[in-house]
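**Q**
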Amino acid sequence: MKAVLCKQYGPPESLVLEEVEPKPLQPGEVRVGVRACGVNFPDTLIIEGKYQFKPDMPFSPGGEVAGTVLELGEGVSGVEVGQPVIAMTGWGGYAEQVVTPPIGFCRCRHRWILRRRQGSP
203 MKAVLCKQYG
213 PPESLVLEEV
223 EPKPLQPGEV
233 RVGVRACGVN
243 FPDTLIIEGK
253 YQFKPDMPFS
263 PGGEVAGTVL
273 ELGEGVSGVE
283 VGQPVIAMTG
293 WGGYAEQVVT
303 PPIGFCRCRH
313 RWILRRRQGS
323 P
């Protein structure tokens, strides 16, 4: 899968797009196919090494995503494969897929949420 990676602390221009292996799914985790990811000021702080937490390198920034559940780890309940969700991931969202616990999920009952585009001029 493709992912935007931070391999060293620096400005947004230091990020790279690379092909990476998808993270293995562990019990209690959900794989989400990312359709959209928020781009926020904390992401800039994280990639510059100025935020409260520092993910292990290399990592993909992006703490909030909208997408579709692709796969469920053992013991996961309350979400279904194919269900649209919004997830707070901390990081990992600038990728085609993200693996995360379903704790920060907002289940979406309407698929149109994933078809709308938002933005500012």
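Here the working numbering runs 202 ahead of the position in the sequence shown, where the first position is 1.
A virtual CB, placed ideally from N, CA and C, is assigned to each residue, including glycine.
#1: Consult DSSP for G306 and reduce its assignment to one of helix, strand or coil.
#2: Quick check on T270: does DSSP put it in helix, strand or coil?
#3: Assuming L217 is part of the beta strand (DSSP E), what are its boundary residues?
#4: Give the DSSP-derived three-state secondary structure of F243 in the structure shown.
#5: Counting pairs of Cβ atoms below 8 Å between the stretch 255-268 and the stretch 205-225, do you hit three or more?
#6: Taking the DSSP output, what are the residues bridged to V301?
**A** Reading off the structure:
#1: helix
#2: strand
#3: Looking at the DSSP string, L217 is not in any beta strand (DSSP E), and its letter there is neither H nor E.
#4: helix
#5: yes
#6: R233
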